[in-house]
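*Asks:*
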Amino acid sequence: MTETARQPAAAIPQRLVVLISGRGSNLGALIEACEQGRLPATIVGVISNRPDAGGLEFATRHGIPSQVLDHRTYPSREAFDTDLARVIEDYAPDLVILAGFMRILTPAFVDRFTGRLLNIHPSLLPKYRGLHTHARALANGERVHGASVHFVTPELDGGPVIMQARVPVAPDDTPDTLAARVQRAEHHLYPEVVRRLCSGEIQWAGRILQADGTPLPAPLQLDEDFDDLPAS
Ligand code: GAR
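The opening position of the sequence shown corresponds to residue 1 in the working numbering, with each subsequent residue numbered one higher.
1. For Gly146, which of helix, strand or coil comes out of DSSP?
2. Within 6 Å: the Cβ of Gln183 and any heavy atom of the ligand GAR?
3. By alpha-carbon positions, which one of Ala41, Val161, Ala85 and Ala139 ends up nearest to Ile208?
4. For a minimum of 4 consecutive residues, which ranges assigned as the alpha helix (DSSP H) are wholly contained in the segment 65 to 147?
5. Alpha carbons only, please: which of His132, Ala59, Arg15 and Thr133 is nearest the one belonging to Glu32?
6. Give me the DSSP bridge partner(s) of Leu189.
7. Using DSSP bridges, identify the partner residues of Ser42.
8. Alpha carbons only, please: which of Arg86, Val144 and His150 is nearest the one belonging to Leu117?
9. Measuring CB to CB, does Pro171 end up less than 7 Å from Asp94?
10. Name the DSSP beta bridge partners of Arg166, please?
11. Hey, could you find the ends of the alpha helix (DSSP H) Phe33 is sitting in?
12. How big is the Cα-Cα spacing for Pro230 and Arg15?
13. What's the gap between the Cα of Glu155 and the Cα of Arg38?
14. For Leu209, which residues does DSSP report across the bridge?
15. How would you label Val144, buried or exposed, when you count the other beta carbons within 10 angstroms and need 16 or more for buried?
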């Protein structure tokens with residue numbers, strides 16, 4: 001079966017909206033991948049829920065439209081999510097990419113974007129959902145840690161995992177050194193997953209995650225060795 005026969009061009013994502021809350025290093029990695037032609041897509045908008053998010057600077061520097069929706073100015077989570085959905089839809093995105101977007105989303109929001117909503121989480125899911133993943137991995141004596149990219153479902157950090165990147169845990173790691181190593185891996189992982197979605201290699205069909213047309217039995221693993229990465 002040819003690429004064209006497997007997935008019609010119209011179904012292949014090309015327009016990306018990225019949501020951030022902070023530093024935006026994953027946004028930076030996605031921008032770089034687009035600009036270098038490794039990722040056949042366009043980031044059409046960046047949205048932050050924090051006016052002081054450092055990542056907004058990446059958007060400005062690369063000429064990408066950005067907007068701030070300060071969640072503190074909304075009376076409820078529902079009101080914020082309703083406005084956020086409206087702003088996102090104005091960009092007509094094929095994929096909505098959560099890149100360090102530190103907000104719990106309402107089920108109504110998630111339902112609206114199901115199948116085009118991606119998140120990156122700093123652990124090898126299903127281990128360590130939620131916060132403080134690096135400290136918890138160290139406390140448990142993990143020898144291997146990492147990051148996961150998954151489709152978002154209403155269950156927090158519980159949606160189908162597309163791909164993971166594994167990193168070794170060093171004996172003298174602190175949460176900060178481990179976080180830095182995981183982030184380096186994230187910067188390879190996220191662009192690679194989005195590339196596979198944008199090339200049609202991975203699809204979300206009938207709520208089933210598929211790779212090359214067949215259901216994915218387990219998360220894909222990024223085939224890169226992060227052993228020799230410095231901690232920061
Ligand atoms: C990333 O490490 C990402 O995995 C994490 O926030 C960081 C954002 O960094 N996301 C979560 O913890 C979501 N639960 P960045 O702003 O430099 O991309």
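Glycine residues also receive a C-beta, built at the ideal position from the N, C-alpha and C atoms.
*Replies:* So, from the listed chains and residues:
1. As a first step, residue 146 is located in the sequence shown; it is residue number 146 there, counting from the start. Gly146: strand per DSSP, three-state reduction.
2. As a working note, residue 183 is residue 183 in the sequence shown. Indeed, a heavy atom of the ligand GAR lies less than 6 Å from the Cβ.
3. Here residue 208 corresponds to residue number 208 of the sequence shown, with the count starting at 1. The option with the nearest alpha carbon to Ile208 is Val161.
4. 77 to 90, 107 to 113 and 133 to 139, all fully within the segment 65 to 147.
5. In the sequence shown, the residue the question calls residue 32 occupies position 32. The shortest Cα separation from Glu32 among His132, Ala59, Arg15 and Thr133 belongs to Ala59.
6. On the sequence shown, residue 189 is found 189 positions in, with the first residue counted as 1. Answer is none; Leu189 lacks a bridge partner.
7. Numbered from its first residue, the sequence shown carries residue 42 at position 42. According to the sequence as given, residue 42 is Thr; it is not Ser. DSSP output for Thr42 lists Arg15 as bridge partner(s).
8. The residue you call residue 117 lines up with position 117 of the sequence shown. The candidate whose alpha carbon is nearest that of Leu117 is His150.
9. For the purposes of this step, residue 171 is taken as residue 171 along the sequence shown, with counting starting at 1. For the purposes of this step, residue 94 is taken as residue 94 along the sequence shown, with counting starting at 1. No. Outside cutoff.
10. The residue you call residue 166 lines up with position 166 of the sequence shown. Beta-bridge pairing links Arg166 to Gly146.
11. Numbered from 1 along the sequence shown, position 33 holds the residue referred to as residue 33. First, the residue type needs correcting, since residue 33 is Ala and not Phe in the sequence shown. Its alpha helix (DSSP H) spans residues Ser25 to Glu35.
12. Here residue 230 is taken as the residue at index 230 of the sequence shown, counted from 1. Here residue 15 is taken as the residue at index 15 of the sequence shown, counted from 1. With a pLDDT of only 49 at Pro230, under the threshold of 50, the placement of this residue in the model should not be trusted; the figure read from the coordinates follows. In a straight line, the C-alpha of Pro230 is about 34 Å away from that of Arg15.
13. Here the question's residue 155 lines up with position 155 in the sequence shown. Here the question's residue 38 lines up with position 38 in the sequence shown. So the alpha carbons of these two residues sit roughly 32 Å apart.
14. Counted from its first residue, the sequence shown places residue 209 at position 209. DSSP lists Trp204 as partners of Leu209.
15. As a first step, residue 144 must be located in the sequence shown, where it is residue number 144. Label assigned to Val144: exposed.
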